[in-house]
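Trainee: In our numbering, the protein residues as written are 14 to 334.
Below you'll find the structure I mean.
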């Protein structure tokens, strides 16, 4: 069996072992494949029965051109880069990797929040620049610091990652509310499900934990930002396209909300002309919440298990069955 990895670098920059796939057959690994070069994608997939992809698009035209393909293994949870419905008509199973990064993304959500509220890096830079020594006092700070106890965290979505974030928030003695499109059970009676209007009005911190769909495009915009506290902190570790970048930049620059901390962007890598790059109080990281070594190893292990389960005629994590 021929297995092709089309964009392997994001999952494995060299610290994981692709040889784990050798048990299934001949493996070809491409660090990257141009997203917009359909002919090259087809060329690389020629004769392949299994394709591993992360962001490379697999369209109906590509599926028509690679008749040997049997399985598309998404090396992520989201699979909007694949025409899953058409793949089903071609008898191609699409499998993904759900929940592999729950703890890592929850951890990073709090890393972003603590970056805003505790300013560790900012003050480390100041100490190394000699500013503490110049201040001449035992304690020196250059920006407001915030205690999380008693603050209200509003979670948009209440899936596994949001629930993990909620548990961390309770450990910080925060109040937790959440919005979800359908009722969800809670693991602690202090956590309350509310409507969006209430969440916007009451939250000191709003954290996004919903998948991207066309209906949710630019879910955060001038109107929704206008409903938030002017002291609000907005965190996004979900998908960049949930936010209207220009509206968020305007809200930050006009002090309509206080801070944003974003691990994802509308376009990735971020566009050089993104208004968020010059917006006030906007923390940006390059989509790394999912990327700890342990998390990526878990992801690769599940990809292998997905392939094995398909070969055993007992497929798991199929999104188009």
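Positions of the beta carbon are idealized from the N, C-alpha and C atoms, including for glycine.
Computed from a prediction, not measured in an experiment: that's the story for all the values here.
Look at the alpha carbon of residue 65 and the alpha carbon of residue 98, and state the distance between them as a whole number of angstroms.
Mentor: The residue you call residue 65 lines up with position 52 of the chain shown. The residue you call residue 98 lines up with position 85 of the chain shown. In a straight line, the C-alpha of residue 65 is about 18 Å away from that of residue 98.
Trainee: To the nearest angstrom, report how far apart residue 290 and residue 83 are at their CA atoms.
Mentor: On the chain shown, residue 290 is found 277 positions in, with the first residue counted as 1. On the chain shown, residue 83 is found 70 positions in, with the first residue counted as 1. Cα to Cα, the separation comes out at about 42 Å.
Trainee: According to DSSP, simplified to helix, strand and coil, what is residue 290?
Mentor: Within the chain shown, the letter at position 277 stands for residue 290. Helix at residue 290.
Trainee: In or out: residue 327 buried (at least 16 other Cβ within 10 Å) or exposed?
Mentor: For this step, residue 327 is matched to residue 314 along the chain shown. The residue in question, residue 327, is exposed, as its Cβ has fewer than 16 Cβ neighbours within 10 Å.
Trainee: For a quick check, are the C-beta atoms of residue 216 and residue 161 less than 8 Å apart?
Mentor: Working through the chain shown from its first residue, we reach residue 216 at position 203. Working through the chain shown from its first residue, we reach residue 161 at position 148. No, the pair does not count as a contact, with Cβ atoms beyond the cut-off.
Trainee: Does the segment 296–306 come close enough to the segment 110–128 that 3 or more CB-CB pairs lie under 8 Å?
Mentor: Yes: the two stretches touch, three or more of their Cβ pairs being nearer than 8 Å.
Trainee: Under 8 Å by Cβ, that's how I've got residue 312 and residue 88 pegged, so tell me the actual separation to the nearest angstrom.
Mentor: What you label residue 312 is simply residue 299 of the chain shown in a count that begins at 1. What you label residue 88 is simply residue 75 of the chain shown in a count that begins at 1. Correct: roughly 6 Å between the Cβ atoms.
Trainee: Curious, which full-length alpha helix (DSSP H) runs of at least 4 residues does the segment 173–244 contain?
Mentor: Within the segment 173–244, the complete alpha helix (DSSP H) runs of at least 4 residues are 173–184, 209–215 and 235–238.
Trainee: Output needed for residue 189: all residues of its chain with C-beta closer than 6 Å, excluding positions within five of it in sequence on either side, in chain order.
Mentor: Start at 1 with the first residue of the chain shown, and residue 189 comes out as number 176. Closer than 6 Å at Cβ, skipping near neighbours: 166, 179, 182 and 204.
Trainee: Assuming contact is defined by CB atoms lying nearer than 8 Å, are residue 14 and residue 71 in contact in what I supplied?
Mentor: As a first step, residue 14 is located in the chain shown; it is residue number 1 there, counting from the start. As a first step, residue 71 is located in the chain shown; it is residue number 58 there, counting from the start. The answer is no: Cβ separation not under 8 Å.
Trainee: Measure the alpha-carbon distance for residue 90 versus residue 224 and round it to whole angstroms.
Mentor: Locating residue 90 in the chain shown gives position 77, where the first residue counts as 1. Locating residue 224 in the chain shown gives position 211, where the first residue counts as 1. Cα-Cα distance, rounded: 10 Å.
Trainee: Ignoring anything shorter than 4 residues or poking outside the segment 67–103, list the alpha helix (DSSP H) runs there in chain order.
Mentor: Counting only runs of 4 or more, we get 73–78 and 97–102.
Trainee: Between residue 131 and residue 125, what straight-line distance do the alpha-carbon atoms span, to the nearest angstrom?
Mentor: Mapped onto the chain shown, residue 131 falls at position 118. Mapped onto the chain shown, residue 125 falls at position 112. Those two C-alpha atoms are separated by around 10 Å.
Trainee: Assuming residue 110 and residue 283 make a contact with CB atoms under 8 Å, what is their CB distance in whole Å?
Mentor: Along the chain shown, one-based indexing puts residue 110 at 97. Along the chain shown, one-based indexing puts residue 283 at 270. At roughly 25 Å, the Cβ-Cβ gap does not stay under 8 Å, so residue 110 and residue 283 are not in contact.
Trainee: By alpha-carbon positions, which one of 241, 248 and 127 ends up nearest to residue 268?
Mentor: Taking the chain shown and counting its residues from 1, the one referred to as residue 268 is at position 255. Of 241, 248 and 127, the residue nearest in Cα terms is 241.
Trainee: Would you kindly work out how many angstroms separate the C-alpha atoms of residue 212 and residue 281, rounded to a whole number?
Mentor: Against the chain shown, residue 212 aligns to sequence position 199. Against the chain shown, residue 281 aligns to sequence position 268. For residue 212 and residue 281, the distance between alpha carbons rounds to 29 Å.
Trainee: Report yes if the C-beta distance between residue 246 and residue 292 is below 8 Å; otherwise report no.
Mentor: Stepping through the chain shown from its first residue, residue 246 is reached at position 233. Stepping through the chain shown from its first residue, residue 292 is reached at position 279. Cβ atoms of residue 246 and residue 292: not closer than 8 Å.
Trainee: With DSSP collapsed to three states, give me the class of residue 107.
Mentor: Position 94 of the chain shown holds residue 107. Strand at residue 107.
Trainee: By Cβ distance, which residues of its chain are closer than 7 Å to residue 259, with the 5 residues on each side in sequence left out?
Mentor: Start at 1 with the first residue of the chain shown, and residue 259 comes out as number 246. Here the set comprises 288.
Trainee: Say the cut is 7 Å; is the CB of residue 248 nearer than that to a heavy atom of the ligand ATP?
Mentor: Summarising the ligand content, the structure contains no ligands, and the ligand ATP is consequently not present.
Trainee: Looking at the secondary structure, which residues open and close the beta strand (DSSP E) in which residue 165 lies?
Mentor: As a first step, residue 165 is located in the chain shown; it is residue number 152 there, counting from the start. Here the beta strand (DSSP E) through residue 165 covers 165–169.
Trainee: Can you tell which of 138, 173, 32 and 37 has its C-alpha closest to the C-alpha of residue 156?
Mentor: Translated into positions along the chain shown, residue 156 becomes position 143. Of the listed residues, the one whose Cα sits closest to residue 156 is 138.
Trainee: Relative to the C-alpha of residue 59, which candidate in 48, 47, 79 and 44 has its C-alpha closest?
Mentor: Within the chain shown, residue 59 is the residue found at index 46, counting from 1. Comparing Cα-Cα distances from residue 59 to each of 48, 47, 79 and 44, the minimum goes to 79.
Trainee: Could you pull out every unbroken beta strand (DSSP E) segment of at least 3 residues lying fully inside the segment 106–136, listed in chain order?
Mentor: Within the segment 106–136, the complete beta strand (DSSP E) runs of at least 3 residues are 106–108.
Trainee: Does the separation of the CB atoms of residue 249 and residue 285 fall below 8 Å?
Mentor: Walking along the chain shown from the start, residue 249 turns up at place 236. Walking along the chain shown from the start, residue 285 turns up at place 272. Not a contact, by the Cβ cut-off of 8 Å.
Trainee: Over what stretch of residues does the alpha helix (DSSP H) that includes residue 262 continue unbroken?
Mentor: Residue 262 sits at position 249 when you count from the first residue of the chain shown. Here the alpha helix (DSSP H) through residue 262 covers 258–266.
Trainee: Mark residue 357 as exposed unless 16 or more other C-beta atoms lie within 10 angstroms of its C-beta, in which case mark it buried.
Mentor: Given that the chain is displayed from residue 14 to residue 334, the structure contains no residue 357 and the question cannot be resolved.
Trainee: Please classify residue 249: does DSSP put it in a helix, a strand, or coil?
Mentor: The sequence position of residue 249 within the chain shown is 236, counting from 1. Residue 249: strand per DSSP, three-state reduction.
Trainee: From which residue to which residue does the beta strand (DSSP E) around residue 273 run?
Mentor: Here residue 273 corresponds to residue number 260 of the chain shown, with the count starting at 1. Note, residue 273: beta strand (DSSP E), 272–275.
Trainee: Do residue 294 and residue 265 come within 8 Å of each other at the CB atom, strictly closer than that value?
Mentor: Here residue 265 refers to the residue found at position 252 of the chain shown. Here residue 294 refers to the residue found at position 281 of the chain shown. Cβ atoms of residue 265 and residue 294: closer than 8 Å.
Trainee: Which two residues bound the contiguous beta strand (DSSP E) that contains residue 39?
Mentor: Numbered from 1 along the chain shown, position 26 holds the residue referred to as residue 39. Here the beta strand (DSSP E) through residue 39 covers 39–42.
Trainee: Going along the chain, which residues of its own chain have a beta-carbon closer than 8 Å to the beta-carbon of residue 243, five neighbours each way excluded?
Mentor: As a working mapping, residue 243 is identified with position 230 in the chain shown. Only 268, 269, 270 and 271 meet the Cβ criterion.
Trainee: From which residue to which residue does the beta strand (DSSP E) around residue 335 run?
Mentor: Because the chain spans 14 through 334 in this model, residue 335 falls outside it and cannot be assessed.
Trainee: Assuming residue 313 is part of the alpha helix (DSSP H), what are its boundary residues?
Mentor: Counting from 1 along the chain shown, the entry for residue 313 is found at position 300. From DSSP, the alpha helix (DSSP H) with residue 313 extends over 306–324.
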